[in-house]
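Novice: Next up is a structure, given as structure tokens.
There are 2 protein chains.
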Amino acid sequence: MLDFTATYTDLYQLSMAQVYFHQGHKNDIAVFDYFFRKNPFKGGYAIFAGLQDVLKIIDELKFSEEDIAYLKTQDFDEEFLGYLKGFKFNGNIYSVQEGDVVFPTRPVLQVEASIVEAQIIETLLLNFLNFQTLIATKANRIRLVAGERMLLDFGLRRAQGPGGYYASRAAVVGGFNGTSNVLAGRDFDIPVSGTMAHSFIQSYDDELSAFRDFAEGRPRNCVLLVDTYDTLKSGVPNAIKVAREMEKRGQKLLAIRLDSGDLAYLAKQSRKLLDDAGLDYVKIAASNQLDEFVIKSLLEQEAPIDIFGVGTNLVIGSPDGALDGVYKLTFSAEKPRIKISESIIKITLPHKKQVYRVKNDNGEALGADVVTLAEEEKPERMFHPFEPFKSMELTGLKLEKLLQPVMKDGEIKIDFRSLTEIARYSKKRLAELPTEYKRFNNPHIYKIGISQNLKEERDRLISSFKK
Amino acid sequence: MLDFTATYTDLYQLSMAQVYFHQGHKNDIAVFDYFFRKNPFKGGYAIFAGLQDVLKIIDELKFSEEDIAYLKTQDFDEEFLGYLKGFKFNGNIYSVQEGDVVFPTRPVLQVEASIVEAQIIETLLLNFLNFQTLIATKANRIRLVAGERMLLDFGLRRAQGPGGYYASRAAVVGGFNGTSNVLAGRDFDIPVSGTMAHSFIQSYDDELSAFRDFAEGRPRNCVLLVDTYDTLKSGVPNAIKVAREMEKRGQKLLAIRLDSGDLAYLAKQSRKLLDDAGLDYVKIAASNQLDEFVIKSLLEQEAPIDIFGVGTNLVIGSPDGALDGVYKLTFSAEKPRIKISESIIKITLPHKKQVYRVKNDNGEALGADVVTLAEEEKPERMFHPFEPFKSMELTGLKLEKLLQPVMKDGEIKIDFRSLTEIARYSKKRLAELPTEYKRFNNPHIYKIGISQNLKEERDRLISSFKK
Numbered sequence: 137m138l139d140f141t142a143t144y145t146d147l148y149q150l151s152m153a154q155v156y157f158h159q160g161h162k163n164d165i166a167v168f169d170y171f172f173r174k175n176p177f178k179g180g181y182a183i184f185a186g187l188q189d190v191l192k193i194i195d196e197l198k199f200s201e202e203d204i205a206y207l208k209t210q211d212f213d214e215e216f217l218g219y220l221k222g223f224k225f226n227g228n229i230y231s232v233q234e235g236d237v238v239f240p241t242r243p244v245l246q247v248e249a250s251i252v253e254a255q256i257i258e259t260l261l262l263n264f265l266n267f268q269t270l271i272a273t274k275a276n277r278i279r280l281v282a283g284e285r286m287l288l289d290f291g292l293r294r295a296q297g298p299g300g301y302y303a304s305r306a307a308v309v310g311g312f313n314g315t316s317n318v319l320a321g322r323d324f325d326i327p328v329s330g331t332m333a334h335s336f337i338q339s340y341d342d343e344l345s346a347f348r349d350f351a352e353g354r355p356r357n358c359v360l361l362v363d364t365y366d367t368l369k370s371g372v373p374n375a376i377k378v379a380r381e382m383e384k385r386g387q388k389l390l391a392i393r394l395d396s397g398d399l400a401y402l403a404k405q406s407r408k409l410l411d412d413a414g415l416d417y418v419k420i421a422a423s424n425q426l427d428e429f430v431i432k433s434l435l436e437q438e439a440p441i442d443i444f445g446v447g448t449n450l451v452i453g454s455p456d457g458a459l460d461g462v463y464k465l466t467f468s469a470e471k472p473r474i475k476i477s478e479s480i481i482k483i484t485l486p487h488k489k490q491v492y493r494v495k496n497d498n499g500e501a502l503g504a505d506v507v508t509l510a511e512e513e514k515p516e517r518m519f520h521p522f523e524p525f526k527s528m529e530l531t532g533l534k535l536e537k538l539l540q541p542v543m544k545d546g547e548i549k550i551d552f553r554s555l556t557e558i559a560r561y562s563k564k565r566l567a568e569l570p571t572e573y574k575r576f577n578n579p580h581i582y583k584i585g586i587s588q589n590l591k592e593e594r595d596r597l598i599s600s601f602k603k
Numbered sequence: 137m138l139d140f141t142a143t144y145t146d147l148y149q150l151s152m153a154q155v156y157f158h159q160g161h162k163n164d165i166a167v168f169d170y171f172f173r174k175n176p177f178k179g180g181y182a183i184f185a186g187l188q189d190v191l192k193i194i195d196e197l198k199f200s201e202e203d204i205a206y207l208k209t210q211d212f213d214e215e216f217l218g219y220l221k222g223f224k225f226n227g228n229i230y231s232v233q234e235g236d237v238v239f240p241t242r243p244v245l246q247v248e249a250s251i252v253e254a255q256i257i258e259t260l261l262l263n264f265l266n267f268q269t270l271i272a273t274k275a276n277r278i279r280l281v282a283g284e285r286m287l288l289d290f291g292l293r294r295a296q297g298p299g300g301y302y303a304s305r306a307a308v309v310g311g312f313n314g315t316s317n318v319l320a321g322r323d324f325d326i327p328v329s330g331t332m333a334h335s336f337i338q339s340y341d342d343e344l345s346a347f348r349d350f351a352e353g354r355p356r357n358c359v360l361l362v363d364t365y366d367t368l369k370s371g372v373p374n375a376i377k378v379a380r381e382m383e384k385r386g387q388k389l390l391a392i393r394l395d396s397g398d399l400a401y402l403a404k405q406s407r408k409l410l411d412d413a414g415l416d417y418v419k420i421a422a423s424n425q426l427d428e429f430v431i432k433s434l435l436e437q438e439a440p441i442d443i444f445g446v447g448t449n450l451v452i453g454s455p456d457g458a459l460d461g462v463y464k465l466t467f468s469a470e471k472p473r474i475k476i477s478e479s480i481i482k483i484t485l486p487h488k489k490q491v492y493r494v495k496n497d498n499g500e501a502l503g504a505d506v507v508t509l510a511e512e513e514k515p516e517r518m519f520h521p522f523e524p525f526k527s528m529e530l531t532g533l534k535l536e537k538l539l540q541p542v543m544k545d546g547e548i549k550i551d552f553r554s555l556t557e558i559a560r561y562s563k564k565r566l567a568e569l570p571t572e573y574k575r576f577n578n579p580h581i582y583k584i585g586i587s588q589n590l591k592e593e594r595d596r597l598i599s600s601f602k603k
């Protein structure tokens, strides 16, 4: 059992919290931005995921008795531990909706809370949002190439420990149809599916008996793995025999599965054997080190594959393995805060903010989000964050407000949606995005602009810092 | 909360289990090998980790009422569900000790159980062992280059969700000294440590006040982050001021931390400033996208860094992200089983087996493990698995038995060791391995031999299959 108590955090959050607590900053209101700096997978976008899970945990987050006893051994003092005993996150969280298409360098989520509370939830937030956003994005790239074909997550065995549980969920946000992961299926209401292992066939003296037993024991959604001995000479012919036997019992073989060899060639040959046997309804599933590039190649070769089982590369978000999401202070103790850096793109945007998506009258995204101060009116012009002569007129365009309150004074303010609804929303949002942003090679770069007020505030803070 | 019930598995395990259950194979005893095919990170070895965690879970593994209710909706029948309700793993597990140095293609762990039970635990076993072995190996590579310097895991925020919890544990098996992950520290008795975030300094109007407050509030193990504004002109001079103030209070500043810029240059300059101020006891910690290669380079440049904080690259096991461990049937229904493949190295070794490490009289590993049938005597000669003319005399050498019973009839048969003991054992085992196997570029390939009896059995099965 892995219980997400408030010690699911980095020690320094608690160290800083104790210092704030004692040095008069306990009630300072702070604002932090969650954002990432680079799209994963060299792509043009990311799919935001993990929000509902982390909100649920934050809503109930506390330090258990075991936590307090442990922290006592780590040099925290009684008064501060007393505070932790009664800890409850009472802040506000503003966020993009789960499943939305999001882009680098602008706030995806904002936390506004006492600086102590905001620090304590930082690691948890980053851990959940970075990972699920990574996996939802990976899943979505695979969905983009797979069209309407069925996509199943088979990754639990190679997942990063219990990360696999949330990977299965995030895969659905990104467009997957189901998972082999039973626990994730149970908890997130994801359709579960699966076939059979090579070991099942090996445990019999011959392949045909194994297929027969399996088809009798699990006739519904029956998928037979045909590559244990020889796909075209043994596996598919035996599957055809069993499919015919199933027909006599009024049942239908759902699919055969290919798990090795040249999948394009084997799928074509198997399709032919099945069709020649009058089994055109039997689908072909394929697995074995798949990712978006392999699937793209298979489909370009016109491999007649109906179902793709994707494992490792999906659930570990290969090759990136991590999203570089960060949590940056933008306001505290009644002052805007800025992080200065030698590298201009690493300078943060101060103040509590709002983000708008620029759209035309047809609801199509025009390839730009604009960041403003939270309290200002919708801007009429947006400015390039660093190039002073670049700006764009916004009058006449629609500006859609992206950050909405999802938690207010520690209470969840949204109705949770089912994974199916989140995935549907994600699909809709992605459809609003022109295709140039979705290609794998050198995708069009989505613009992030800032309002004049935000620009002036930022520049004022930079100047005052330079003095 | 993430509860590891028996649905922490792939659906096909349960589908196959139901078929075995009804088709007269319920009590067939099966043997499965857990092994991996390739060393991670193009290295010459792996560090086996995760065993104690997974044994603990298997020991208590059951289907909860929620699981049973869920499975009822997934087309499993009442009789089989009745069996699952009373499920308990009653089999045997033989394994290498946690922390040992292990190599590709030979069994690291063997499960001997009814085929139903053996299938149900497969995914859980693979999920835990693959991930922790990956991370322990990564950690160990970092340890090899870092010498005696302190290594801290700072990765939770970029970890693959709750995978980070076990990553912190596995890092210690591989030689790390501590973690920032408080929950892992609490549960696995790992020293926790941490410094401060840039946000802490930003939340103050000036760096010196931030340092002062922090040093007052957390004087023990105090580490000041010096790169927020200007490392050499502001951060280090302010840290020196605070260190002197601490001295007056009878306290000592533990370290400064560098988190950006040219770490080699900044460490050298910072060291000089500290030493010139008479603060030679103040250590230098560094973080920022570190891995074994960056640390190696820093130390080759003689950067005076005492503490390395390693995050993302450690906890996600970058760049591999997964270990390719598999679980292969080698015996069932009273017969040895073999998996045939076009690719000769993918042909499995049949039967329940034993593995010996070949050593000389001084206890040094000679670079070979030999796999035998479980019941045979220690072999006098080992054979190359696929090249018929290669063999090696073993008489006069020591053969150390590696697979020991760790679970017998479902009961844990070993005394659990602390992480410190496991890490110490790992260090000892690694010391027994000649250095050529530990280098990063083209490490010497550790040999896996098989006994004559095993070779004959395997060849017999291949021949009978070819007929």
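As they're listed, the protein sequences go chains A and B. The numbering used here puts the first residue of the first sequence at 137, with every later residue one more than the last. The numbering used here puts the first residue of the second sequence at 137, with every later residue one more than the last. Glycine included, C-beta positions come from ideal geometry on N, C-alpha and C.
#1: For A/Gln-405, would you say it is in contact with chain B, using Cβ-to-Cβ distances shorter than 7 Å as the test?
#2: Could you say which of A/Gly-227, A/Arg-517, A/Pro-240 and A/Asp-203 lies nearest to A/Lys-174 if we only look at CA atoms?
#3: A/Gly-353 lies in the beta strand (DSSP E); which residues open and close that run?
#4: In three-state terms, what does DSSP make of A/Leu-426?
#5: Among the candidates A/Leu-187, A/Arg-560, A/Ile-271 and A/Thr-331, whose CA atom is the shortest distance from the CA of A/Leu-363?
#6: What residues match up with A/Thr-315 in a beta bridge as DSSP calls it?
#7: Using the Cα positions of B/Val-155 and B/Ile-165, report the straight-line distance between them to the nearest angstrom.
#8: Can you pull the chain B residues whose beta carbon is under 9 Å from the beta carbon of A/Glu-215, in chain order?
#9: With a cut-off of 7 Å, does the C-beta of A/Phe-354 fall near any C-beta of chain B?
#10: Within 7 Å (strictly less), CB to CB, does A/Leu-288 reach chain B?
#11: List the residues of chain B whose Cβ lies closer than 7 Å to the Cβ of A/Gly-300, in chain order.
#12: I want to see whether chain B comes within less than 7 Å of A/Asn-226, judged by CB atoms only; does it?
#13: What does B/Asp-363 pair with, by DSSP beta-bridge criteria?
#14: Could you spell out where the beta strand (DSSP E) holding B/Leu-527 opens and where it closes?
#15: My output table needs one value for A/Glu-196: the three-state DSSP class, helix, strand or coil.
#16: Determine the DSSP secondary structure at A/Phe-212, reduced to helix, strand or coil.
#17: Compare the Cα-Cα distances from A/Tyr-463 to each of A/Gly-445, A/Lys-471, A/Ala-379 and A/Lys-482 and report the closest residue.
#18: Where are the beta strand (DSSP E) runs, 3 residues long or more, that stay fully inside the stretch 414 to 481 of chain B, in chain order?
#19: Could you tell me whether the stretch 251 to 264 of chain A touches the stretch 144 to 159 of chain A, where touching means 3 or more Cβ pairs closer than 8 Å?
#20: For A/Arg-407 and A/Gly-414, I'd like the C-alpha separation in whole angstroms.
#21: Is any beta-carbon of chain B found at less than 7 Å from that of A/Gln-338?
#22: Which residues in the same chain have their Cβ closer than 7 Å to the Cβ of B/Gly-300, if we skip the five residues on either side of it in sequence?
#23: May I ask you to list the residues that DSSP assigns as paired with A/Ala-182?
#24: Under 7 Å Cβ to Cβ from B/Asn-163, same chain only, skipping five residues before and after it: list those, please.
#25: Interface residues of chain A around B/Glu-117 at Cβ under 8 Å?
#26: For A/Ala-421 and A/Ala-391, which I take to be in contact (beta-carbon distance under 8 Å), what is that distance rounded to the nearest angstrom?
#27: Roughly how many angstroms lie between the CA atoms of B/Gly-304 and B/Ala-320, to the nearest whole one?
#28: Give the straight-line distance between the Cα atoms of A/Phe-552 and A/Leu-533, rounded to the nearest whole angstrom.
#29: Just the Cα atoms here: how many angstroms apart are B/Phe-140 and B/Val-238?
#30: Over what stretch of residues does the alpha helix (DSSP H) that includes A/Met-382 continue unbroken?
#31: At which residues does the alpha helix (DSSP H) containing A/Tyr-156 begin and terminate?
#32: What do you get for B/Ser-231, buried or exposed, if any count of 16 or more other CB atoms within 10 angstroms of its CB means buried?
#33: Within a Cβ cutoff of 8 Å, which residues of the same chain sit near A/Lys-591, ignoring the five residues on either side of it in sequence?
#34: With distance defined between alpha-carbon atoms, name the residue in A/Tyr-219, A/Glu-523, A/Lys-419 and A/Ser-329 nearest to A/Pro-440.
#35: My guess is that A/Pro-298 and B/Leu-138 are in contact by the Cβ rule of under 8 Å, so how many angstroms apart are they, rounded?
#36: Within the same chain, show all residues whose beta-carbon is closer than 6 Å to that of B/Asp-195, passing over the 5 residues directly before and after it, in chain order.
Specialist: Inspection of the coordinates gives the following:
#1: no
#2: A/Pro-240
#3: Unbroken run through A/Gly-353 is the alpha helix (DSSP H), 343 to 353; no beta strand (DSSP E).
#4: coil
#5: Looking at the sequence provided, one finds Asp at residue 363 of chain A rather than Leu. Considering only alpha carbons, the answer is A/Thr-331.
#6: A/Asp-289 and A/Val-328
#7: 15 Å
#8: Chain B residues near A/Glu-215: none, gap ~12 Å exceeds 9 Å.
#9: The amino acid occupying residue 354 of chain A in the given sequence is Arg; Phe does not appear at that position. Closer than 7 Å to some Cβ of chain B, the Cβ of A/Arg-354 qualifies, so yes.
#10: no
#11: Asn-263
#12: no
#13: In the DSSP output, where bridge partners are listed per residue, B/Asp-363 has none listed.
#14: Residue identity check: residue 527 of chain B is Ser in the sequence provided, not Leu. Start and end: 527 to 529.
#15: coil
#16: coil
#17: A/Lys-482
#18: 419 to 422, 443 to 446 and 462 to 468
#19: yes
#20: 11 Å
#21: yes
#22: Gly-291, Leu-292, Asn-317 and Val-451
#23: A/Val-238
#24: Ser-250
#25: No answer is possible for residue 117 of chain B: it lies beyond the span of chain B, which begins at 137 and ends at 603.
#26: 5 Å
#27: Here the sequence assigns Ser to residue 304 of chain B, which means Gly is not the residue at that position. Taking the straight line from one Cα to the other gives about 6 Å.
#28: 31 Å
#29: 27 Å
#30: 372 to 384
#31: 147 to 158
#32: buried
#33: Phe-519 and Pro-521
#34: A/Lys-419
#35: 6 Å
#36: Ile-548
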